[in-house]
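Undergrad: In our numbering, each number is its position in the sequence shown, counted from 1, plus 783.
Here a beta-carbon is modelled for each residue, glycine too, at the ideal position from N, C-alpha and C.
Every value quoted in this text rests on a predicted model; they were computed, and no experiment measured them.
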Amino acid sequence: MEPEGVTGSEYRLGVVRVVDVLEDDDALLAGVRYPPHPGDAGVRRHGSSLAQPARWHASELARTTMATPGKDGPPMAALAPEPDALRGLRVNLVTPYDLSVAGGVNSHAAGLGRELQRRGAAVTLIGPASNPRRLPQGLPVVPCGPSVPIPVAGSVARLAVDPRIGIAMRRVLERYPCDILHIHEPFVPMTSFGALVFSKTVTVGTFHLTRERPHLLYFLAQPIVRPLVGKLHARIAVSEAARRTVAQFLPGEYRVIPNGIEQERFDRGPRPGPSRYRVLFLGRLEPRKGIIVAIRAFAEVAGALPGAELVVAGDGPLRAAAERLARELGVAGAVRFLGPLAEEELPDAYAEADVFCAPATGNESFGIVLAEAMAAGTPVVASGNPGYAAVVEPGVSGLLVPPGDHRALARAIVEVLRDPVLWRRLSEGGRLRARCFSWSALADDVLAVYQEAAHRAGRPLALLRTPAPAG
């Protein structure tokens, strides 16, 4: 039975408001399936178990959800809109990556969206979602179809690759008109690419991907993407490394604006010092993120500091290998594998750690997790790849070691844990450095790009209002 005030295809699922938006695309999207997602056992919806592959009605491939601020996401105060010039501005943020899976691009898009919403803008986050019950909190989200794992730049990303989902983006954009369409990785299939193809408004693209060596695919794709470049009225790169990567095959003007964090979620004030030698690794368990390097380094840390503990938060293809290596090195009892953490669990995870360990081997455009750890006052020890070097000031807000060198990583961790003066210096230096990456500061730079893009499109922001949908 439909709740009072909800008509047609609208209904409620717990605290989530759900609205069908693809009623006319049933034939187009027939047969699209949601793959099983870890942790879905026992969760049922529309009478079928999400733990099993099932055909979803096409109208379920795009929905909007709104979580309860303060209850399901950041504190209510952080989301309270301010009466300012953004009120009434509509911004759609599109990501190609599965919104049900934690990752840097999704964290960036959700954090920016919440900050723009706090300032009065009407924001909608759009992207694929393999589990509509696990979505970013605190702002409207439109999940657009399932995803599959795809190797990308030494990692594995979950993308919506079915071309029908790209085509369906036309209906999504019609259902959710906006003044600014901000597309993350605009040439990545299918939600981002489809949004770019069907965009009819001011469009901004943000590029995140970093490769330290050129990839042939970039150049082979030029005949497809070059005709669409003109639809981007402005381009942003999240770091100089990301700018260099995209400029190799798409030369042009890029504004470098780093990834942001919601500092108020993580910064709980000054911390007294290390308490129990707890080292935190947070990330996907795959070669690029360096989990094997972390396990080898921790074995040496445990030898030097009895009672030390390594907490591994994340999942991925190397989990079994990492667990086996911990057993072989005799530290299995001191290593805890937590699996992936929910967004609301991250602040506690950082706050309870004495050192944050980030040994990624390369192809990192930035380090959102580094900035979050620094905001929490947790000293950072990371590999010195170009993306991480853009975040950490060596000796001031963290320590950097050569990528792949587990002995150097272990020495740095032990040094920080043994020296309370160094620990406090890095903790306070990190908290200060993290303020540079706060969305409350960076959003102004993004808004300046929006204004520039609007002028280039011949549609100044003051004239960009689109009519509200009827009803």
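Would you list the residues sitting across from R941 in a DSSP beta bridge?
TA: Your numbering for residue 941 matches position 158 in the sequence shown. According to DSSP, R941 bridges with P932.
Undergrad: Taking the beta strand (DSSP E) that G896 falls in, what are its first and last residues?
TA: Sequence index remark: in the sequence shown, residue 896 carries index 113 (1-based). Unbroken run through G896 is the alpha helix (DSSP H), G887 to R901; no beta strand (DSSP E).
Undergrad: Evaluate contact between the segment 1019-1026 and the segment 1170-1182, counting only Cβ atoms and requiring at least three cross-stretch pairs below 8 angstroms.
TA: Counting Cβ pairs under 8 angstroms, three or more are found: they touch.
Undergrad: Would you grab the beta carbon distance between V985 and D962 for me? Rounded to a whole angstrom, and I think it's under 8 angstroms.
TA: Residue mapping note: residue 985 aligns to position 202 of the sequence shown, counting from 1. Residue mapping note: residue 962 aligns to position 179 of the sequence shown, counting from 1. Indeed they touch by this definition, with Cβ atoms about 7 angstroms apart.
Undergrad: Give every residue of the same chain whose Cβ lies closer than 6 angstroms to the Cβ of E1235, excluding the five residues on either side of it in the sequence, and list them in chain order.
TA: Position 452 of the sequence shown, counted from the first residue, corresponds to residue 1235. Contacts found: A1017.
Undergrad: Near A1193, which residues of its chain fall below 7 angstroms by C-beta distance, leaving aside the five closest residues on each side in sequence?
TA: Here residue 1193 is taken as the residue at index 410 of the sequence shown, counted from 1. Around A1193: A1080, E1083 and V1084.
Undergrad: Please tell me whether Y1033 and A1132 are closer than 8 angstroms, where the distance is taken between their beta carbons.
TA: Mapped onto the sequence shown, residue 1033 falls at position 250. Mapped onto the sequence shown, residue 1132 falls at position 349. The amino acid occupying residue 1033 in the given sequence is Leu; Tyr does not appear at that position. No, the Cβ-Cβ distance between L1033 and A1132 is not below 8 angstroms.
Undergrad: Look at C927 and A893 and say whether their C-beta atoms are less than 8 angstroms apart.
TA: Here the question's residue 927 lines up with position 144 in the sequence shown. Here the question's residue 893 lines up with position 110 in the sequence shown. Their beta carbons are not under 8 angstroms apart, which means C927 does not touch A893 by this criterion.
Undergrad: If you follow the beta strand (DSSP E) that S1166 is part of, which residue opens it and which one closes it?
TA: As a working note, residue 1166 is residue 383 in the sequence shown. Where S1166 is concerned, the enclosing beta strand (DSSP E) stretches over V1163 to S1166.
Undergrad: Going by DSSP, which residues form a beta bridge with E1092?
TA: As a working mapping, residue 1092 is identified with position 309 in the sequence shown. Answer by DSSP bridge pairing, in chain order: R1061.
Undergrad: Just reading off the beta strand (DSSP E) that G988 is part of, what are its end residues?
TA: Taking the first residue of the sequence shown as 1, we reach residue 988 at position 205. Taken as a continuous stretch (DSSP letters only), the beta strand (DSSP E) holding G988 covers V985 to F990.
Undergrad: Give me whichever residues DSSP pairs with V742 in a beta bridge.
TA: An answer regarding residue 742 cannot be provided, because it is not within the stretch 784 to 1254 covered by the chain.
Undergrad: I'd like to know if the segment 870-878 and the segment 895-910 are in contact, where contact means that at least 3 CB-CB pairs between them fall below 8 angstroms.
TA: They touch, by the three-pair rule.
Undergrad: Taking the alpha-carbon of G871 as reference, which of V1012, R1110, L1205 and T907 has the nearest alpha-carbon?
TA: Taking the sequence shown and counting its residues from 1, the one referred to as residue 871 is at position 88. Minimum Cα distance to G871 is reached at T907.
Undergrad: Compute the beta-carbon to beta-carbon distance between A1096 and A1134, rounded to the nearest angstrom, for a pair I have assumed lies under 8 angstroms.
TA: Counting from 1 along the sequence shown, the entry for residue 1096 is found at position 313. Counting from 1 along the sequence shown, the entry for residue 1134 is found at position 351. So it is not a contact: roughly 13 angstroms between Cβ atoms.
Undergrad: So, helix, strand or coil for P1177, using DSSP?
TA: Walking along the sequence shown from the start, residue 1177 turns up at place 394. Strand at P1177.
Undergrad: Rounded to the nearest angstrom, what separates S1166 and D1188 at their Cα positions?
TA: Mapped onto the sequence shown, residue 1166 falls at position 383. Mapped onto the sequence shown, residue 1188 falls at position 405. Looking at the two C-alpha atoms, the distance is approximately 8 angstroms.
Undergrad: Per DSSP, what kind of secondary structure is G1116 in: helix, strand or coil?
TA: On the sequence shown, residue 1116 is found 333 positions in, with the first residue counted as 1. Here G1116 sits in helix by DSSP.
Undergrad: So, with DSSP's three-state summary, where would you put H1189?
TA: Counted from its first residue, the sequence shown places residue 1189 at position 406. Helix.
Undergrad: Indicate the three-state DSSP secondary structure (helix, strand or coil) for V980 in the structure shown.
TA: Here the question's residue 980 lines up with position 197 in the sequence shown. In the structure shown, V980 sits in a helix (DSSP, three-state: H, G or I).
Undergrad: For G1036, count neighbouring Cβ atoms within 10 angstroms of its own Cβ and tell me buried if that reaches 16, exposed if not.
TA: On the sequence shown, residue 1036 is found 253 positions in, with the first residue counted as 1. The question names Gly, yet the displayed sequence has Glu at residue 1036. Burial call: exposed.
Undergrad: Using C-beta distances below 7 angstroms, list every residue in its chain close to G1043, excluding the 5 sequence neighbours before and after it, in chain order.
TA: Locating residue 1043 in the sequence shown gives position 260, where the first residue counts as 1. The answer, listed in chain order, is H891, G894, L895, F1220, S1221, W1222 and L1225.
Undergrad: Along the chain, where does the alpha helix (DSSP H) containing H1238 start, and where does it finish?
TA: For this step, residue 1238 is matched to residue 455 along the sequence shown. Start and end: W1222 to R1239.
Undergrad: Span of the alpha helix (DSSP H) holding F1049?
TA: The residue given as residue 1049 occupies position 266 in the sequence shown. Segment Q1046 to F1049, the alpha helix (DSSP H) holding F1049.
Undergrad: In the structure shown, what three-state DSSP assignment does I963 receive?
TA: As a working note, residue 963 is residue 180 in the sequence shown. If DSSP states are grouped into helix, strand and coil, I963 belongs with the strands.
Undergrad: Just tell me which of A1104, I1196 and R1110 has its CA closest to the CA of A1136.
TA: Sequence index remark: in the sequence shown, residue 1136 carries index 353 (1-based). A1136 has its Cα closest to that of I1196, out of A1104, I1196 and R1110.
Undergrad: Count the other CB atoms within 10 Å of the CB of E1069; is the residue buried (16 or more) or exposed (fewer)?
TA: If you number the sequence shown from 1, residue 1069 lands on position 286. Burial call: buried.
Undergrad: With DSSP as the reference, label E843 as helix, strand or coil.
TA: The residue given as residue 843 occupies position 60 in the sequence shown. Only weak support exists for where E843 lies, its pLDDT of 37 falling under 50; the coordinates are left without a value.
Undergrad: If you count every other CB in all the chains shown that lies within 10 Å of the CB of R1239, and 16 or more means buried, which is it?
TA: Here residue 1239 is taken as the residue at index 456 of the sequence shown, counted from 1. R1239 comes out exposed.
Undergrad: With DSSP as the reference, label L1264 as helix, strand or coil.
TA: Past the boundaries of the shown model lies residue 1264; the chain is included only from 784 to 1254, so the question cannot be answered.
Undergrad: Output the distance between the C-alpha atoms of V939 and G1116, rounded to the nearest integer angstrom.
TA: As a working mapping, residue 939 is identified with position 156 in the sequence shown. As a working mapping, residue 1116 is identified with position 333 in the sequence shown. Cα to Cα, the separation comes out at about 29 angstroms.
Undergrad: Considering only the alpha carbon of each residue, which of V1008, P1142, V1199 and A885 lies closest to E1127?
TA: As a working mapping, residue 1127 is identified with position 344 in the sequence shown. The option with the nearest alpha carbon to E1127 is A885.
Undergrad: Does DSSP put V1008 in a helix, a strand or coil?
TA: Counting from 1 along the sequence shown, the entry for residue 1008 is found at position 225. Of the three classes helix, strand and coil, the one that applies to V1008 here is helix, per DSSP.
Undergrad: Which partner residues of F1139 appear in the DSSP bridge assignment?
TA: For this step, residue 1139 is matched to residue 356 along the sequence shown. L1063 and V1163, per the DSSP bridge assignment.
Undergrad: Using a 10 Å radius around the Cβ and a threshold of 16 neighbouring Cβ atoms, would you call A943 buried or exposed?
TA: Position 160 of the sequence shown, counted from the first residue, corresponds to residue 943. It is buried - the Cβ of A943 has at least 16 other Cβ atoms within 10 Å.
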